[in-house]
Amino acid sequence: MSLDKVVLFTSDLGGLGGTTSALNEMARGFNGRGLSVSYMTLGREVGQLPVPGEVFQVFPGQAYTTDNPLVKRFPGPGGIKLKALSLYTPAWRKYCLKRLDRHLAKIGPDTAIIALKYNTQKCLTEAIGRGVWAANGAKRPLLVYQNHASMQWMRHFPDYPQVAAPADVFTCLADPYTRETAQILGRQVVTMPNSVRSFELPTAPKTNKIVVLSRLDEAKHLDRLIQAFAQVQGQVKESWQLVIYGEGPSRESLEALIADLHLSDRVSLPGSCYDLTKAFSGASLSALVSGNEGQGLNVVEAAMAGVPSVVTPCSPGAIELAEHGGYLAGGFAVDDIAQALRQAMCDDEREAVGLRAQTYAQRFSTAAVTDNWLELFARLT
């Protein structure tokens with residue numbers, strides 16, 4: 001039976017981060033090929049989805065149970081709120097699982113469920129253990145489990161081989177991850193990268209501007225990028241600007257660092273920007289300096305615009321992109337990042353490097369990756 005429906009299952013629908021961007025592009029790609037797209041989420045739905053569809057929330061009302069960490073931090077006078085919710089939560093959880101099983105039982109073999117994270121995959125595997133599709137025999141949906149995180153993150157879950165076992169196919173974002181994951185899980189794994197919308201920048205001269213799209217989070221090591229940028233001041237001939245688009249918990253500390261380094265006239269944090277054409281207009285460089293990444297979508301987006309990136313060796317995908325059109329730092333330290341920045345800023349062939357990156361990035365276009373998905377579905381059904 002051919003597939004004509006896709007369910008995208010994630011932890012938090014519409015939140016910040018690369019997984020949300022990846023999910024949105026998957027939805028656009030499938031919808032553009034005539035497949036019906038719907039969603040499942042463990043957590044809450046945030047904001048408007050770019051491709052409308054039915055949304056099933058696995059744990060509605062979770063904020064009012066002991067599964068919400070804030071409930072334990074604020075237990076109420078004498079702990080009365082915590083005690084009451086401790087009695088309520090088990091019954092609520094049982095209700096949610098029965099409701100989930102009823103929902104899943106209605107999904108048939110004309111549908112692929114793509115579970116994007118470990119906790120969503122575990123949710124499906126446990127539902128199978130409860131016999132959710134037992135009455136249907138072999139007539140269950142196609143189950144696709146995909147790892148969007150780094151291998152270091154994956155090793156935190158020793159039960160992953162058991163969790164992944166019921167999946168019809170397991171996918172990873174880059175070939176090196178695929179090979180290592182196959183060893184960990186003891187099964188065949190397929191490479192399926194995240195996709196990025198193709199877009200063109202208006203014809204405009206390049207300026208000495210480094211543009212970064214990132215969540216403002218400690219794990220992204222943006223403090224090191226700012227320190228490295230400060231270090232190269234005076235070591236390059238021209239004046240440069242560093243623009244970091246995004247929001248997150250590290251905003252205040254990054255603003256303080258910028259002030260301490262007297263870079264307020266050269267480094268800016270203008271907030272989130274979802275218009276890639278606007279973000280990368282006039283940019284000469286981008287950067288990704290995280291310690292670990294699944295793929296590093298922001299540098300793929302930059303490459304689509306013909307903007308090369310300075311990257312740390314944070315993921316196989318980022319390293320591969322740097323090798324085809326970018327600047328790879330020797331490590332994760334501030335000095336390593338500064339050296340790569342200096343090389344990129346002083347490179348007379350920088351625009352040619354960006355064009356090579358742009359050519360390489362076409363394999364990650366939404367059209368190309370959707371083709372890969374449809375070919376995979378055809379092989380499995």
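The sequence shown: position 53 = 53 (the UniProt record's numbering), numbered continuously.
In this text, a Cβ means the ideal position worked out from N, Cα and C, and glycines have one as well.
On a predicted model such as this, the values are computed, not experimentally measured, just so you know.
With contacts defined by Cβ atoms closer than 8 Å, serine 290 and alanine 340 do not form a contacting pair.
Across the set Val307, Tyr160, Val6 and Met26, the C-alpha of Val6 shows the shortest separation from the C-alpha of leucine 104. Burial check for threonine 366: the Cβ neighbour count within 10 Å reaches 16 or more, so the residue is buried. Around aspartate 168, the same chain offers Leu142, Leu143, Val144 and Leu380 as residues with beta carbons nearer than 8 Å, after the five sequence neighbours per side are excluded. Distance from leucine 216 to leucine 254 at the Cβ level is roughly 6 Å; contact confirmed, criterion being Cβ atoms closer than 8 Å. Counting every other CB atom within 10 Å of its CB across the protein chains shown gives tyrosine 39 a total of 16 or more, marking it as buried.
About 6 Å separates the CB atoms of isoleucine 226 and valine 267; that is less than 8 Å, so the two are in contact.
Between threonine 359 and the set Ala302, Ala333, Asp347 and Gly330, the nearest pair of CA atoms involves Ala302. Of the residues Asp67, Asn31, Asp110 and Gly79, the one whose Cα lies closest to the Cα of cysteine 96 is Asp67. The beta strand (DSSP E) runs of length 3 or more contained entirely in the stretch 2-85 are, from start to end of the chain, 5-10, 36-41 and 55-57.
The stretch 190-197 and the stretch 160-179 touch, with no fewer than 3 CB-CB distances between them shorter than 8 Å. For a cut-off of 8 Å, the C-beta gap from threonine 89 to threonine 65 is around 4 Å, short enough to register as a contact. Annotation: serine 36 to proline 270 spans about 36 Å, alpha carbon to alpha carbon. Between phenylalanine 157 and tyrosine 118 the beta-carbon gap is near 6 Å, inside 8 Å, which marks them as a contact.
Beta-bridge analysis with DSSP links alanine 112 to Val6 and Leu142. Secondary structure note for alanine 305: it is in no alpha helix (DSSP H), with a DSSP letter that is neither H nor E.
Pairing asparagine 147 with lysine 83, the inter-Cα distance amounts to about 37 Å. As the crow flies, the alpha-carbon of phenylalanine 377 is around 21 Å from that of tyrosine 177. Around the C-beta of cysteine 346, fewer than 16 other C-beta atoms lie within 10 Å, and the residue is accordingly described as exposed. The distance from the Cβ of proline 166 to that of threonine 120 is about 13 Å, inconsistent with a contact at the 8 Å cut-off.
Taking C-beta separations shorter than 6 Å and ignoring five residues to either side along the sequence, the partners of valine 58 in its chain run Leu42 and Leu100, following chain order. Taking a C-beta distance under 8 Å as the contact criterion, proline 50 and alanine 27 qualify as a contact pair.
For leucine 285, there is no enclosing alpha helix (DSSP H), since its DSSP letter is neither H nor E.
Distance from the CA of methionine 304 to the CA of tyrosine 245, rounded to the nearest whole angstrom, comes to 17 Å.
Across the set Val310, Tyr274 and Leu13, the C-alpha of Tyr274 shows the shortest separation from the C-alpha of phenylalanine 199.
Sequence-distant partners of serine 272 (beyond 5 residues in either direction) whose C-beta falls short of 7 Å from its own C-beta, in its chain, are Tyr245, Gly246 and Glu247.
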